[in-house]
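*Asks:* Input: one structure, supplied below.
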């Protein structure tokens, strides 16, 4: 009876040990499968949280791990680019253009007047009965010598006539230190009209709008007196090149 009882106890212990080993084996298999599932889940979720463009490119390579990394990198790059672009755009829109520009000294509509030019009047030997007017810009900015000088002599009641055949092709613009030229005929063919002697010339300057005078007048003293007949006197338009009127 004792031996039979011990045999049963031993058999029961053996059965219990086998059952325990079986459960342990089963448990190990279950944990292994559970451990594999999160890894698979992480691979599947990687492309979904990355940049769609990056995920699409990486799926072609067939590497889930590579796809996840590339998606994250692409997303980060796009964020930096979109943040930097508005800053550059704002900077360009608020930047002031440099002064001067392509015009160098810059264009101007300011007329030349007695306030910003020095006038000289010089009698010339050829053509006879002519004087040369020179207006030199003494200012610090450009000015325009519009149209023709309005010339008057000592006894003149109004400016002398202007030869419209001498209109220049463009407005004569004078940079500081530059000069404009005009030729003045003091008398023409002798028709019996009495002349008078003049020792100076008075010039009024024209404005942009037309032949009206503008600003201060200028005068020049002649080195020698000239004979003048107002009805025969005439001037050219202002010229930037003296050769255009040197034989007028």
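Residue numbers (the numbering used here): -18 to 229. Note that CB positions come from ideal geometry on N, CA and C, so glycine has one too.
#1: Taking just the CA atoms, how far does residue 174 sit from residue 110?
#2: Output needed for residue 200: all residues of its chain with C-beta closer than 6 Å, excluding positions within five of it in sequence on either side, in chain order.
#3: Is the distance from the Cβ of residue 144 to the Cβ of residue 216 below 9 Å?
#4: Just verifying my parser: in three-state terms, what is the DSSP assignment at residue 114?
#5: With a CB to CB cut of under 8 Å and the five nearest residues on each side skipped, what residues in its chain are close to residue 124?
#6: Quick one: using the 10 Å Cβ neighbour count with 16 as the cut-off for buried, is residue 220 buried or exposed?
#7: Could you have a look at residue 224 and say whether DSSP puts it in helix, strand or coil?
#8: If you draw a straight line from the alpha carbon of residue 208 to that of residue 127, how long is it in whole angstroms?
#9: Would you list the residues sitting across from residue 166 in a DSSP beta bridge?
#10: Please list the terminal residues of the continuous beta strand (DSSP E) segment that includes residue 99.
#11: Sort 192, 205 and 172 by Cα distance to residue 112 and report the nearest one.
#12: Does the Cβ of residue 130 have 16 or more other Cβ atoms within 10 Å, making it buried, or fewer, making it exposed?
#13: Please state the DSSP three-state secondary structure of residue 145.
#14: The beta strand (DSSP E) with residue 208 in it runs from where to where?
#15: If you measure between the beta carbons of residue 236 and residue 195, is that distance less than 9 Å?
#16: Measuring straight from C-alpha to C-alpha, what distance separates residue 149 and residue 211?
#17: Take the Cβ of residue -10 as the centre, count every other Cβ of all protein chains shown within 10 Å, and call the residue buried at 16 or more, exposed below.
#18: Give me the Cα-Cα distance between residue 198 and residue 102, rounded to the nearest whole angstrom.
#19: What does a CB cutoff of less than 6 Å around residue 152 pick up in its chain, not counting 5 residues either side in sequence?
#20: Going by beta carbon distance, what residues of the same chain come within less than 7 Å of residue 168, once the five residues before and after it are set aside?
#21: Check each candidate in 158, 142, 202 and 193 and name the one with the smallest Cα separation from residue 165.
#22: Measure the Cβ-Cβ separation of residue 107 and residue 224 and say whether it is below 9 Å.
#23: Out of 170, 178, 162 and 140, which has the shortest C-alpha to C-alpha gap to residue 192?
*Replies:* Reading from the atomic positions:
#1: 15 Å
#2: 181 and 183
#3: yes
#4: strand
#5: 89, 91, 92, 93, 94, 97, 98, 118, 154 and 155
#6: buried
#7: helix
#8: 27 Å
#9: 111 and 215
#10: 98 to 105
#11: 205
#12: buried
#13: helix
#14: 191 to 209
#15: In the structure as shown, the chain begins at -18 and stops at 229. Residue 236 is therefore absent and cannot be evaluated.
#16: 24 Å
#17: Unreliable positioning characterises residue -10 in this predicted model, as indicated by a pLDDT of 44, which lies under 50. The coordinate reading is nonetheless provided below. Flag for residue -10 reads exposed.
#18: 14 Å
#19: 125
#20: 110, 176, 208, 209, 210, 213 and 214
#21: 142
#22: no
#23: 140
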